[in-house]
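Under the working numbering, think of the first position of the sequence shown as 352, with each following residue one higher.
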Amino acid sequence: MDKLKMHTPNKADENFKKLAALFPNAVTETINENCEVVRAIDKDVLMQEISCKVVDGNEERYQFTWPDKKKSVLLANAPIAKTLRPCRIESVNFDNTENLYIEGDNLEVLKLLQETYLGKIKVIYIDPPYNTGKDFLYKDNYAVSTAEYLDNSNQQDEDGNKLYQHTESDGRFHSKWLCDMYPRIRLSKDLLADDGVIFISIDEKEYHNLRKICDEVFGEKNHIGDLVWEATTQPINAGTAKFGLQKKTEPILLYAKNKSNIVGFELEEVEGKLNYPHQGKCGPCRFEIIEKSDSGDYSRPSMKFPILGQYPRDGKRWQIGEDTARLLEKHGKVEIVDGIVKKAVYPEDEIDKKQYKPFWSLLTAELVGTAQTGKDELNKLMGTPVGFDTVKPTQLIKKLLSYLGKDYCVLDFFSGSGTTAQAIMELNKEDGGTRKFIMVQIPEKCDENSDAFKAGYRTICELAKARIKKAILQIYGENSGLGFRVLKCDTSNMKDIYYSPADFDMNLLDMMADNIKEDRTPEDLLFQVMLDLGVELSSKIEETVITGKKVFDVADSFLIACFDKDVNDETIKAIAQKQPHYFVMRDSSLANDSVAANFEQIFAAYSPNTVRKVL
C-alpha cells in the first residue's frame with residue numbers, strides 16, 4: 352500500500368511535468384549547487400521548439416512587476432504541510448450540510464483546497480482589503496525585520512507569526528499589497544470551473560494594480576467587464592464636499608476562467624409582449640445589427656462579402672455566413688437602415704417569445720443598496736451595532752449571483768462578516784436555488800474598543816458564524832436542516848520528527864511507530880485524508896462500527912477509513928466487501944503479521960480495484 356503524501360501539491364513540480372509532457376526533448380539533467388543531479392529544462396532546446404522570440408536578460412519588454420514578485424510566484428507554487436480540522440461544536444447540522452466555513456489564512460486554505468476543488472468552483476466573489484492604510488491584511492511573508500513594519504495591536508497567528516497593517520508611509524505600500532494578492536488570485540483561477548467567473552470588489556487605490564494582476568493571471572481576453580456599484584449616496588464629509596471630488600462608486604472586476612465557455616448570463620425575464628417598433632417589408636419588426644468587430648481574435652476575412660450590394664463598414668465583419676445572408680435576402684429579411692445593413696426580425700421569427708432585462712454594468716443604490724445598507728442589515732440582524740462600516744449589502748451579492756444559474760458552489764475567501772453566505776441563503780429561498788458556499792476567513796481579533804468586542808465577539812470569525820446562524824433562523828426558521836461545517840486550518844496531523852544518527856535510540860523508534868500527533872482525533876485524520884484524496888469536504892460521512900472497530904464511510908463508500916488499532920481479518924473482509932474506491936488506515940493498524948500477510952489477498956478476492964492507502 353502507498354502512503355498518503357499529507358501535504359499540498361507542489362505547483363512548480365506540476366508545471367514542470369506539463370512542460371515536460373509537451374516538450375520531452377527539452378528535459379535534461381544538471382548538477383545543482385550541492386553537487387546533486389537534478390532535473391532541468393534546456394532553454395536552448397525549448398526556444399527551438401517554440402520557434403519564437405524569447406526575451407532574455409535586460410532586453411526591453413512589456414511587463415508588470417514589483418519588488419518581491421518572484422517571491423510571490425514561488426509562494427503560490429510552494430507546498431505546505433497543513434490540514435483542516437473539523438469543529439463539530441461550532442458547526443450547524445454538521446452531518447447533513449453542504450456548506451463550509453473555514454477559519455485560517457486564505458492562502459493556506461486555497462492551497463489545501465486545490466486537490467479537492469480543482470476546476471469545480473462556478474463563482475468566486477471576494478471583497479479583499481482595499482489597501483487604505485487601515486485595513487487588516489494577512490501574514491507578511493516578505494518582511495525583512497519587524498522594525499520595517501507596524502503590527503496591528505501586536506496580533507499573532509497560532510504559529511507566532513505577526514499580522515500586519517500596511518501604511519501609506521511604507522515605501523513598499525503597493526508592493527506588499529500586490530505580494531499578498533498575487534498568489535491568492537493565481538490559486539483562485541485553478542479552483543474555477545471552465546465556465547467559472549470571479550467578481551472582485553475594489554476601489555480606485557489599487558484598481559489599476561488589480562487589473563494588471565488579473566490580466567496576467569486570467570488573460571486580458573477573459574476580462575468580461577467592470578461593474579460599477581453606487582456605494583454611497585451621501586458625501587463622506589459634508590463639510591469638505593465643496594472642496595473636491597467625493598467618491599460615490601466602487602468598481603467590481605469580472606473575469607472568466609475562459610470567456611469562450613461563458614454562454615451568457617441568465618437574464619431576468621420581463622412581463623409583457625415583445626416590442627416591434629419598425630415597419631419592415633413584411634410588417635412590424637425590430638432591426639438587429641449583424642456587424643461585429645473584425646480586429647484581433649474576432650477577425651474573419653471570409654465574413655466580408657456583400658449583402659444587398661453593401662460590404663461591412665471599416666473595421667467590421669458580418670456575424671452571419673454567406674449562405675444565411677443569401678437566404679435572408681431571398682425572403683426580404685435584410686434591409687438597409689440609416690446606411691447600415693440590418694436584419695429584420697418578425698414575430699414569427701422569434702424562437703424565445705420572452706423579454707429580458709439586460710445585465711447593466713451600473714448597479715445603483717436603488718437597485719442593490721449602499722454600504723450603509725449593508726451596515727444597517729448587519730446591525731439589525733445581530734441585534735446590536737457591531738462596528739462594521741464597509742459591509743456589502745446582501746442585495747448586491749444576490750444581484751451578481753442571480754445571473755449565473757441556481758445550482759453551483761460559491762467561494763468567498765475574504766468572507767469577513769459573512770455577507771456572501773447570508774446572500775446565498777436568501778437567494779436560494781427566493782428562487783428555489785441550491786447554491787452552496789465555502790467561506791474562508793482568518794480569525795482576526797476584534798479590537799477591545801470595538802463594538803464587535805463589546806458585543807461579545809472576540810474574532811471576526813465568531814461574529815460571522817453568529818451572523819450565519821441568525822440568518823438561517825431569520826430566512827428559514829427553526830428546524831430548517833440548513834447549516835455549515837466549521838473547519839479550522841492547522842498544522843499537519845503527522846508528527847515532525849527530526850533526528851541525527853547519533854540521536855537515534857529506542858525512544859525515537861517508539862515515536863516513529865505512531866507518527867500521529869497525540870491531540871488529533873480520528874475525524875481529524877479523516878479530513879486530512881479527504882483533502883489528500885480530493886474528496887469533497889461537504890461529503891456525507893457515516894460513522895459505523897464493524898467488528899468492534901470505528902469505520903468512516905464517506906460519500907456512499909467512495910472512501911472508507913479505519914484508524915483504530917488491532918484491526919483483524921474479519922474487519923478487513925467486511926470493509927473489502929463494501930468495495931470502496933479508496934480504503935485508508937494507519938500504518939500500524941493491522942493486529943499482527945498474519946493479518947498483514949492476508950490483507951492483500953482479502954482485497955484481491957473481494958475488491959481488487961480498491962485503492963489502498965496508509966497514513
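Note that CB positions come from ideal geometry on N, CA and C, so glycine has one too.
The beta carbon of I789 sits closer than 6 Å to those of L451 and L762, all from its chain and outside the five residues before and after it, given in chain order. In this chain, E617 is not harboured by any beta strand (DSSP E), its DSSP state being neither H nor E.
Excluding sequence positions up to five before and after E728, its CB lies within less than 7 Å of the CB of P744 and T745, all in the same chain and listed in chain order. According to the DSSP secondary-structure assignment, M733 is paired through a beta bridge with no residue.
The C-beta distance from I564 to Y533 rounds to 6 Å, short enough to fall under 8 Å.
If you compare the alpha carbons of L543, L605 and G660 with that of D566, the shortest gap goes to L605. Here I911 has V902, F903, D904, V905, I926, K929, P931, Y933, F934 and V935 as same chain residues with Cβ atoms under 8 Å from its own Cβ, once five neighbours each way along the sequence are excluded.
Comparing C-alpha distances from E466 to each of E617, L355, D419 and I867 shows the shortest one belongs to L355.
The residues I431, K433 and C840, in chain order, have a CB closer than 7 Å to that of E459 in the same chain once the five nearest residues on each side in sequence are set aside. Per DSSP, D763 is one residue of the beta strand (DSSP E) stretching across C760 to D763. Beyond the five residues adjoining it in sequence on each side, P794 comes within less than 6 Å, by CB distance, of E454, T810 and C812 in the same chain, given in chain order. Per DSSP, reduced to three states, the secondary structure at V896 is strand.
Comparing alpha carbon positions, the residue from T359, N361, K394 and V388 closest to P375 is K394. The C-beta of F415 has fewer than 16 other C-beta atoms within 10 Å across all chains shown, which makes the residue exposed. Counted as a single uninterrupted DSSP element, the alpha helix (DSSP H) harbouring I826 occupies residues I811 to Y827. In this structure, N428 is the residue among N428, T735 and P418 with its C-alpha nearest to the C-alpha of T359. Every alpha helix (DSSP H) stretch that sits fully inside the region 371 to 438 and reaches 4 residues is listed by chain position as 394 to 401 and 420 to 428.
Cα atoms of P657 and E699: separation of roughly 26 Å, rounded to the nearest angstrom. Within the region 645 to 692, complete alpha helix (DSSP H) segments of at least 4 residues are found at 673 to 681, given in chain order. Apart from sequence neighbours up to five positions away, the residues of its chain that approach G683 with a beta-carbon distance below 7 Å are K632 and C633, ordered along the chain.
The C-beta separation of A815 from S766 comes to about 6 Å, placing the pair in contact by the 8 Å criterion. Around the CB of K726, 16 or more other CB atoms lie within 10 Å, so the residue is classed as buried.
Inter-segment contact for the region 468 to 476 and the region 539 to 553 is present: three or more beta-carbon pairs are separated by less than 8 Å. In this chain, the beta strand (DSSP E) harbouring P635 covers G634 to I640. For Q952, the uninterrupted alpha helix (DSSP H) run begins and ends at D944 to Y957, by DSSP.
When Cβ pairs closer than 8 Å are counted between the two stretches, the region 438 to 451 is seen not to touch the region 369 to 384, the count staying below three. For R871, the secondary structure class from DSSP, reduced to helix, strand or coil, is coil. Taken atom to atom, the span from the alpha-carbon of A722 to that of N409 is near 46 Å. Membership of C913 in the beta strand (DSSP E) is indicated by the continuous run L910 to C913. In the DSSP annotation of this structure, K805 is not part of any beta strand (DSSP E); the continuous alpha helix (DSSP H) holding it starts and ends at D802 to K805. If you ignore the 5 residues before and after F804, its C-beta comes within less than 8 Å of the C-beta of C797 and D798, all in its own chain and listed in chain order. Excluding five sequence positions before and after A363, the CB atoms of its chain that fall closer than 7 Å to its own CB belong to N428, given in chain order. Spanning the alpha carbons of D689 and H629 requires a straight line of approximately 13 Å.
Taking E639 as reference, the option from K924, I691 and D531 with the minimal CA-CA separation is I691. F550 sits in a strand when the DSSP states are folded into three classes. Across the structure, G734 and Y808 are spaced so that their CA atoms are roughly 13 Å apart.
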